[in-house]
Structure formats: C-alpha cells, structure tokens
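Student:
2 protein chains.
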Amino acid sequence: MARLSSADRRAVLVRAALRVIDRDGVYRATTRAIVAEAEMSLASFHYVFRSRDEMLGELFAFVVRREEEATLAALSSSVSIRQAVRSGLQAYFDLLAAHPEREQALQELIQYALRTPELAALPGAQYRRYVHSAQTMLEHGAELTGVRWAIPIEQLSGVLVAFTDGLTMSWLANRDDSAAAALMEFAADAIAAQSVPARSIPASDPPREQPQ
Amino acid sequence: MARLSSADRRAVLVRAALRVIDRDGVYRATTRAIVAEAEMSLASFHYVFRSRDEMLGELFAFVVRREEEATLAALSSSVSIRQAVRSGLQAYFDLLAAHPEREQALQELIQYALRTPELAALPGAQYRRYVHSAQTMLEHGAELTGVRWAIPIEQLSGVLVAFTDGLTMSWLANRDDSAAAALMEFAADAIAAQSVPARSIPASDPPREQPQ
DNA sequence: GTCTATACACCGATAGAC
DNA sequence: GTCTATCGGTGTATAGAC
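Heads up: the protein sequence lines correspond to chains D and C, in order. First residue of the first sequence: 1, per this note's numbering; consecutive thereafter. First residue of the second sequence: 1001, per this note's numbering; consecutive thereafter.
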C-alpha cells in the first residue's frame, strides 16, 4: 500500500469500516474485515489507531456529521408551516428509504457506544445535536411562512426528533411506506397545530392543540 | 446440576441469558457467559439448544410477551380520553425508567435479529404485536370514556407506537425526565385531538387528516 | 511506514467418559 | 443427562523483518 499520512489512512479506514458496517453490521466489522475492505494490512490499522474502539469513536462522529448535513440541506420553500414540516419529514424519509442500512448501522452504533465506557458519552451528544438541528429547522420554517411557535421551541424540537425516531424504528421493522406516510401526515398536523400567526396577539384562549 | 426436563432447562438458560444481556449486552452474552450465570456446564447448553441463535429466538419471544403483558395491564380508569392516553404513556414510561437495561436489551435484540437470517422475521412480528396492543388500548380507552376515533384506528395505533419508540430512544440517550414528560403531554394532546364524542353526528367540518 | 508472522484470549460446538 | 476436555476457528493486538 502506498504511503499515506496518518490522517489520510485514518480516513480511508473509517470509510472502509462504514462500508463493512452498512453491509454486515457493527458486530461483524472486525479489524480483519475492515483492513480487507480497505486492502491494507492488519498492522497498518494499529499503526494509526490505538484500538478498534478508538476508530469507532471517530467513525461515529463522522456519521453524525454526515446525517446532520443531509437533513439540514432539506429546507425547501413552502407556503404553509404544515407543508414545510411535512416536506422536511419527507426529505428525512427519502434519506431513510434510500439508505436503510445507514440508519440501521447508526442504531447499532448507538447501542454499541452505550455499552462501551470509552464511547458512552457519544449518543447523548449526538442526540443533542439532532434536537438542535430540529430547532434550527423549526425556527427557519416559522420565519419563512410567517408564523411563530406557541409552545417552547426546545420542547417542539424534541417532539420532532421523537417523531423521526419513531418513523425510523417502525419503517425499519415493517417497511410499510403507506404507514410511514400516514405517520408523517399526523406529525405535520400535530406540529403545525402549535403555530400561530407571527403578528397576532397571543390568543386569550391559549395555544395547545387544534387547528391553526 | 440436578436433572431437569428439557423445557425447564431451556427456561433456566433463557432467564440466565436475559440477566447477562441486561447487564453486559447481547454482544457479550456468549454461551460461556450464559452457562456460568446459570451455573451449569457448557455441554448442557447444547444438549437442549442446537445453537446460540436458537436460544436467542426463544428469548426474543419471551421478552416480547413479557413487554406486552406489562403494558396491557396498565389500562387505568380515566374520565377523559386524553387522561387515559396520558396515563397509558406514563405506565410505559415508568416501566422504561425502572428497567432501562431491558429496553436497551430489546433494541439490541432487534438489531441482532435483523442481521441474523434465521431470526430476521422476528422484529416485524414483534412490531405488529405492539401495534395490535396499542389498538386494543385505544379501543378500550375510547369505550371507557365515551368517545370514538375520527381517523382509522390502525393508523392511530401506529402513531402511538411511534411515540413510545421516540420516547424510548430519546430518554435512553439523555435520561431527561422532564423532556420525556413534555413529549408525553404532547402525544396525549395530539392523539386525544383525534377523538370525537361517541354519539355525535360526524362533524361537517371533517376530522383533519386524509382518509386512507 | 509497511509488511508477514504470530501471540494469546475467547468463541461456538462436539466427543466421549461417567 | 451431565460432565470435562478439546477441536477448529476467529478476535484484537503486537513483534520484528524489511
């Protein structure tokens, strides 16, 4: 194998490991399988990574970053906030349907990290980043469509993330596209119901639920 | 070890395996660790189970059954349907908070089963059972509080399961009780909003959400 | 820096004594 | 029916030649 800088070799190995994990699962992504995928020797792995777990930590960060970028890019122009939320969910679902192995791999990585003391803090951090992304989308969507949120935005972001988690779990389990669509319709309705026109005086009959 | 019937020995091993999985994860629940936990010899394991995967299949069925019974038992008497849904969610959450290892173990088992051809059908079946449980609860709750559902019950059951999945994922990641409570409030509102009084004439302003 | 060869632990599963 | 002993294989990680 050609001479590579340490950073380059780490990146090559992380990408190779990701292909193995997508294909065969975290459990089978052994150091041997990874270096075979990357077409390099086993010793080269341990020349740039102290351990397999160290590599998995770097891989986890890479995956979270990639996922974040993909979903944030999906903010389309919409006339209503309901439509904006709905199409944001659709963009996520399209990603899920196009690469189910990736989402499954991410779930496995979360479980693995939770069981590994050295990596146990990563899932919490990843989750906070997702909530933050959701918050950005909700704020931006509200601004674009001229509404504001009637309940605290942090709370609503958590709800949106929970919806996408639930969507992911159920679709991975049954691959039922129409059930997924129904769930997204429901979620878009329920979230949009928490919006009020941006310039209106706060209603005396306060927020909670029901039409917009 | 005393002589046991095959069925008894299988049950003993399944329960021991469950303790190991709760404590150390599916990945570390090796045949050796399991028989050590059960205080029997390795050969006894293979006397009653053809393979480790065969045992895990039996264990998976056991866990799904246990989970189902626990949630179905939680249907309390409530005056409003919102309150009924809310307390149903609370009952599930109490279970989750009391035994987080169990839910984490279940997630791992699902991932493992999806990667194992012999067990790949189990998660789908488990998911259908959950949706069915949710449907039973929603039907029963509606009956008790004198309402009916404005959208198809299968659809609403899927939503409820998605909420519990999202609740599970987020709480396992951040252990934030108040965020979990906020999510449950939101879910109870959103689901109860799909109910109408049982004896009323269907509203002319029809029940949000598309028919399927 | 990169390789081959190997150490050493542990895996699932089985043979064969009792 | 239950055990000890062991097989063949694979895991992570490292030693040492080049």
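Positions of the beta carbon are idealized from the N, C-alpha and C atoms, including for glycine.
Can you tell me where the beta strand (DSSP E) with Arg148 of chain D in it begins and where it stops?
Tutor: Its beta strand (DSSP E) spans residues Val147 to Trp149.
Student: Who pairs with Pro197 of chain D in a beta bridge, going by DSSP?
Tutor: D:Val147, per the DSSP bridge assignment.
Student: Please state whether the Cβ-Cβ distance between Val1064 of chain C and Arg1129 of chain C is less than 8 Å.
Tutor: A contact, by the Cβ cut-off of 8 Å.
Student: What residues of chain C sit near Asp165 of chain D, judged by a beta carbon separation below 7 Å?
Tutor: Neighbours of Asp165 of chain D on chain C, chain order: Asp1165, Gly1166, Met1169 and Ser1170.
Student: Looking at chain D, is there any beta carbon in it that lies within less than 8 Å of the beta carbon of Ser1006 of chain C?
Tutor: Chain D contact via Cβ: absent.
Student: Work out the CA separation of Ala1074 of chain C and Gln212 of chain D for me, nearest whole Å.
Tutor: Interpretation of Gln212 of chain D is limited by its pLDDT of 40, a score under 50 that renders its predicted location unreliable; no figure is taken from the coordinates.
Student: Do you know whose CA, among C:Ser1087, C:Ile1151 and C:Leu1172, lies nearest Gly962 of chain C's CA?
Tutor: Any question about residue 962 of chain C goes unanswered here, given that chain C covers just 1001 to 1212.
Student: Can you find at least 3 beta carbon pairs, one from the stretch 188-198 of chain D and one from the stretch 132-146 of chain D, that sit closer than 8 Å?
Tutor: Contact between the stretch 188-198 of chain D and the stretch 132-146 of chain D is present, because at least three Cβ pairs lie under 8 Å.
Student: Is Ile1021 of chain C near the ligand SAM, with its Cβ less than 7 Å from a heavy atom?
Tutor: By its list of ligands, the structure shown contains no ligand whatsoever, and the ligand SAM lies outside what it can speak to.
Student: From Leu134 of chain D to Ser77 of chain D, what does the alpha carbon distance come to, in whole angstroms?
Tutor: What sits at residue 134 of chain D in the sequence shown is Ala, not Leu. Spanning the two alpha carbons is a distance of roughly 16 Å.
Student: Using a Cβ-Cβ distance cut-off of 8 Å, determine whether Phe186 of chain D contacts chain C.
Tutor: Yes, contact with chain C.
Student: Return the residue from the list C:Ala1007, C:Arg1115 and C:Leu1106 that minimises the CA-CA distance to Val20 of chain D.
Tutor: Considering only alpha carbons, the answer is C:Arg1115.
Student: My guess is that Glu108 of chain D and Val161 of chain D are in contact by the Cβ rule of under 8 Å, so how many angstroms apart are they, rounded?
Tutor: Actually they are not in contact, since the Cβ atoms of Glu108 of chain D and Val161 of chain D sit about 19 Å apart, beyond 8 Å.
Student: From Asp1094 of chain C to Glu1103 of chain C, what distance separates their C-alpha atoms?
Tutor: Roughly 12 Å between the two C-alpha positions.
Student: Among residues of its own chain, excluding the 5 on either side of Leu156 of chain D, which ones have a beta-carbon nearer than 7 Å to its beta-carbon?
Tutor: These residues qualify, in order along the chain: Leu138, Trp149, Ile191 and Gln194.
Student: Can you pull out the residues from the stretch 1026-1047 of chain C whose beta carbon lies closer than 7 Å to at least one beta carbon of chain D?
Tutor: Those residues of the stretch 1026-1047 of chain C that come within reach of chain D (Cβ to Cβ, closer than 7 Å) are Tyr1027.
Student: When we look at the beta-carbon of Pro123 of chain D and count the other beta-carbons within 10 Å, is it buried (16 or more) or exposed?
Tutor: It counts as buried.
Student: Distance check for Glu69 of chain D and His1099 of chain C, CA to CA, integer angstroms please.
Tutor: Near 34 Å, if we compare the C-alpha coordinates of Glu69 of chain D and His1099 of chain C.
Student: Quick check on DSSP: helix, strand or coil for Gln1212 of chain C?
Tutor: Because Gln1212 of chain C carries a pLDDT of 41, less than 50, the predicted location of this residue cannot be relied on, and no value is offered for it.
Student: Spatial neighbours of Val1079 of chain C within its chain, please: C-beta separation below 8 Å, excluding the five flanking residues on both sides.
Tutor: Result list for Val1079 of chain C: Thr1145, in chain order.
Student: Just verifying my parser: in three-state terms, what is the DSSP assignment at Phe60 of chain D?
Tutor: In this structure, Phe60 of chain D counts as helix in the three-state DSSP scheme.
Student: Nearest to Ile153 of chain D by CA position, among D:Gly166, D:Leu167, D:Thr136 and D:Ala120, is which residue?
Tutor: Nearest option by C-alpha distance: D:Thr136.
Student: Using C-beta distances below 6 Å, list every residue in its chain close to Gly57 of chain D, excluding the 5 sequence neighbours before and after it, in chain order.
Tutor: Cβ within range, chain order: Leu119.
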